[in-house]
Every structure is written in structure tokens, then in C-alpha cells.
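These notes concern the structure reproduced below.
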Amino acid sequence: MRTRQAVPPSRSTRARLRRAVWRRRHLLAALSLGLAAATAVTAVAPPDPPGRRVLVLATDTPAGTALTERHLAVSELPPGAVPPGALADVADAAGSGLAVGLPAGTPLLPGMLVGPGLAAGAPAGTVVVAVPVADPSARLVRPGRRVSLVTTSGDVAGSPGGAEVVARSVVVLAVEAGTAGGAILDTNSQPVSHLYVAASERVATVLVGSGAWAPLRAVLEP
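Numbering of the sequence shown is given in the numbering used here, commencing with residue 702 and proceeding in unit increments.
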């Protein structure tokens, strides 16, 4: 009787490996094609676009702050994260007042500053006028709110008197913190804030005339 010769272990292992690969040849081919496609896409994909310089606030800053270099920083943001018209250099905002309180990291736009860019936020057909308003009536006023502005005869005559609405429902664009009074007949020792409001030319003329004599009073509208 003939004795069957044993297959060496190494040859048997290679045979099993070849059979396993053969049975899974379709799966392996698909994986190879997928890997090749992914490599090709990575190779031809364009690089990320370069970031854009944008001027941001370096600290949380309240409305009315006169901006200096310590309040400002230049950052680099993805183009899609930069709002249209954003400022890019410290010189664009240094020395201007901040129209509205904003948190650190906020990109700055011209309309956020008390200056020439403030008119960009005014509704069509209006002009921007600075109105002196006696504290504490200005303390609750915030940009974007509508207010009525009132003059009192007591302010002008230095004695108690009546009141008259000189402007209704004007939009506040910015608030400048209280300073010493400067109106002609202002005998009140309280600080005077300035509201920058959008109004028609006719109303703006009335506000300028009324505010020249004494600070006005602001009445918040709902």
C-alpha cells in the first residue's frame, strides 16, 4: 500500500491564502478602486482659499467707547465668514466711537462706528443728527430703538413748565456716553448724552434748533 506524502505546512498555508484571496477577489477589487478614486480626488482638490484680513474687537466693548489700538485686533477669517464691507485695518476705526456695545471677536463694519459710516445704517430718505439728551432719560436707550424726543419749557426758562414732542418715532443709530452739558440755557449739572438719530430733514432741523437751547428728553416707544 502506497503512503501519501505529507504536504509541507508552508505550502499548505500558501494554498489556503491563495484560495481565500480568490474567493474575495471582487471585494478586494472594489476596495482597491475606491482607494484609488479617493486618492485621485484628494490629489486634484483645490487647496483651501486663503483667509481674509478683518478688523475685530479685541475686548468686550460698550457703546460710546472711543476706540484705540487696545480695543482692536486684526484677525484672519475664512472668506465666507467675513461680512461684506468689513474693515481690515486698525486705522479704519481708531479714534471713532463705537455705536453699539459688542463682544470681543466681532468683525467691525462702518455702520457700527460713530462717524461717516454711521449714515449707512439710516433708513432711506433720512439724515443723521446728533441730539443732546439729559440723563437719566438716555440710559435705557439702545441703538435700533425708536424714541420720541421731548422738550420742556422748564428747561428753557429754568423753571417748571410744560412739555412738547418735537420728534416722534425716530430711529436711534448710536448712543454717546454722557458728558458735561453744552446747551445755551442748560443749567442742569447732570451729564448730557448724545443720541444719533435718523430723521427727515425737516425734523432734523427742528431737533437741532430745540437741542441748541437745552437737552431734550427721550421717551422709549414699545
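Idealized CB from N, CA, C, for every residue including glycine.
Quick caveat, the model's predicted, so the values are computed rather than measured.
(request) State whether the segment 867 to 875 contacts the segment 842 to 851, with contact taken as three or more CB pairs (one from each stretch) at a distance under 8 Å. (result) By the Cβ rule, the segment 867 to 875 counts as touching the segment 842 to 851, because three or more pairs are nearer than 8 Å.
(message) Taking 7 Å as the cut-off, is the beta-carbon of S894 closer than that to any non-hydrogen atom of the ligand HEM?
(response) The ligand content of the structure shown is nil, which means the ligand HEM is not present either.
(request) Check whether the segment 794 to 802 touches the segment 777 to 786, counting contact only when three or more Cβ pairs, one atom from each stretch, lie closer than 8 Å. (result) The segment 794 to 802 is not in contact with the segment 777 to 786.
(message) Can you tell me where the alpha helix (DSSP H) holding V907 begins and where it ends?
(response) Along the sequence shown, read from residue 1 onward, the residue named residue 907 stands at position 206. According to the DSSP assignment, V907 belongs to the alpha helix (DSSP H) that extends over 902 to 914.
(request) Quick one: give me the first and last residue of the beta strand (DSSP E) that T853 is part of. (result) The count along the sequence shown starts at 1 and reaches residue 853 at position 152. From DSSP, the beta strand (DSSP E) with T853 extends over 847 to 853.
(request) Determine the contact status of L758 and L773, defining contact as a CB-CB distance below 8 Å. (result) Within the sequence shown, numbered from 1, the residue matching residue 758 stands at position 57. Within the sequence shown, numbered from 1, the residue matching residue 773 stands at position 72. For the pair L758 and L773, the CB atoms are nearer than the 8 Å cut-off.
(request) Run the CB neighbour count on A915, radius 10 Å, all protein chains shown included, and call it buried at 16 or more, exposed below. (result) Locating residue 915 in the sequence shown gives position 214, where the first residue counts as 1. It counts as buried.
(message) Based on DSSP bridge pairs, tell me the residues matched to E877.
(response) Against the sequence shown, residue 877 aligns to sequence position 176. H895.
(request) Would you kindly work out how many angstroms separate the C-alpha atoms of V755 and L814, rounded to a whole number? (result) Taking the sequence shown and counting its residues from 1, one reaches residue 755 at position 54. Taking the sequence shown and counting its residues from 1, one reaches residue 814 at position 113. In this model, V755 and L814 are separated by some 15 Å (Cα to Cα).
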